[in-house]
Structure formats: C-alpha cells, structure tokens
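Residue numbers (my numbering): 33 to 194.
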C-alpha cells in the first residue's frame, strides 16, 4: 500500500484501481482488528472504468474505522457505486455509532474550513470541488444505523485535455 502510494503520480484512476487501494488498506486493518471488521463492495460493473481522484476513497474508509466504528465490538463497512444519467455515486457506509450532526453539517456545507483531525476529509472535499466544480462533491448522512458518506462525480472514462 505504501509502495503504491509513493509510486502513484496519477491524479485520477479507474474506480477499480482505487478499490484495490482500499482493499489493500482493509487487509491491513483486518490484520489489526481481526473479525471485528467486515468489509464489502457492491459496485455495478459499468462503474469500474470511471475515473476518480486518486486516494479519494481510502480516507473515507479510514474515517469510518477510526470514528464510526470506534468503541464498537463489531463493524461493517460497504462501498457501493452506481452511475445514472452521467453521474457516478460512490457511497461508503458503516454501521457504527454514527457521525455527529455537527460533523455531517461540516461535510455538507460545501466549503468547510480546515478541522483538526479531519485533514483527509478536508482534502478530498477540496479536490472534488477543484476537479469537478461546485455541483459535485461529498455529502454525509447519519441515521440510527450508522453513517453514509457519498461522493458525487461526473462519469469520465478518459482524462480530459487541459
């Protein structure tokens, strides 16, 4: 995972490759936590070639483990992706204790200020706005069953000429 991180110079990659990074990260976490954490993906086949910013999902999964599953005896994390009408939606859901309403409001604000302990989320939010504009980005939803953070991106399968 660290070797891949150091070698990667791509600013975007196919979702399938980004999921491999997350899978490698989850392998390390499952070695650490054992059976306490279950992880799954449910991504429609037509989403796997869509380009996403590099390392956009790993901070979301890390946040779900550190903040969502903290203090839980067992936890489940799922990444779900689908595309509709030219929009790719990728959700990271955990069944943990749930994100605070204040944290969800911070994510949903559209232009959050830096926040101690959440540099990864802050960076992903800003990268999405820079790459894709204000109509795309990240949203958080908190329920009694946990937290879902969803990325909303345009479907792109080739790097646009800039």
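Idealized CB from N, CA, C, for every residue including glycine.
Backbone secondary structure at residue i - three-state DSSP
i           : result
residue 95  : helix
residue 155 : helix
residue 114 : strand
residue 147 : coil
residue 189 : coil
residue 137 : helix
Beta-carbon proximity list for residue i, same chain, < 6 Å, skipping 5 on both sides
i           : result
residue 195 : For the chain, the structure presents residues 33 to 194; residue 195 sits outside this window and is missing.
residue 128 : 100, 101, 104, 107 and 178
residue 50  : 84 and 89
residue 68  : 106
residue 123 : 112, 180 and 182
Rounded separation between residue i and residue j - CA only
i           : j           : result
residue 131 : residue 101 : 10 Å
residue 80  : residue 165 : 22 Å
residue 86  : residue 59  : 19 Å
residue 150 : residue 140 : 14 Å
residue 90  : residue 52  : 10 Å
residue 6   : residue 154 : Here the chain covers residues 33 to 194 and nothing more, so residue 6 does not appear.
residue 120 : residue 46  : 12 Å
Cβ-Cβ distance between residue i and residue j below 8 Å
i           : j           : result
residue 57  : residue 93  : yes
residue 160 : residue 169 : yes
residue 78  : residue 112 : no
residue 118 : residue 187 : yes
8 Å CB neighbourhood of residue i in its chain, flanking five on each side removed
i           : result
residue 191 : 44 and 83
residue 175 : 130
Own chain residues within Cβ distance below 7 Å of residue i, not counting five before or after
i           : result
residue 163 : 85
Original post:
Fully enclosed by the stretch 41 to 101, which alpha helix (DSSP H) runs are 4 residues long or longer?
Top reply: 47 to 65 and 90 to 95
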